[in-house]
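Throughout the sequence shown, residue numbering follows the numbering used here, covering 279 to 417 in sequence. Glycine included, each C-beta is placed from N, C-alpha and C at the ideal position. One structure below.
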Amino acid sequence: MIGFALRVEKPCGNCDDTALNGLRMVCSVGPSVVSIVEGTWGDFASPTYCPKGRYIIGARLKLEDKQGNGDDTAANSIEFKCSDNTIISQWPGQWGYWSLWTMCPSGTFVCGAEARWEVGQGNGDDTALNGLRLACCTA
């Protein structure tokens, strides 16, 4: 993977915030866009790419802890690390903290991902994207 695009619901005041909703990744073959999760709320940004000739080797999430009776958002943003250690991002995220980096083993790169996503809760508290698992491959 050489790039990505996020779907983010920006803070909406007194409504039910969900923050990070969708993730698309860009494969170097094609190049083609792979939908990891489309999500429901907010808009997709245009893709952001690693520098030419580089590829994604790791990621970290910005996560908000459970808020009890407050408005939960879970994942707020994602940053990716490229093979030259460039960090690419699209949205800083409104709430939470950055997790530790999850990196592919040396000599491998991100070739796919799986997202954990909560379906809409009707009148309940929606969180949307909750987690991300990376797949790493060799050339």
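With 16 other Cβ atoms within 10 Å as the buried cut-off, status of residue i
i           : result
residue 340 : buried
residue 392 : exposed
Alpha carbon of residue i to alpha carbon of residue j, nearest angstrom
i           : j           : result
residue 362 : residue 308 : 22 Å
residue 376 : residue 368 : 14 Å
residue 414 : residue 388 : 5 Å
residue 342 : residue 306 : 32 Å
residue 311 : residue 356 : 17 Å
Contact check, residue i vs residue j, beta carbons under 7 Å
i           : j           : result
residue 407 : residue 395 : yes
residue 359 : residue 331 : no
residue 354 : residue 283 : no
Reduced DSSP secondary structure (H/G/I, E/B, other) of residue i
i           : result
residue 327 : strand
residue 258 : Residue coverage of the chain in this structure runs from 279 to 417, which leaves residue 258 outside it and unanswerable.
residue 384 : coil
residue 280 : coil
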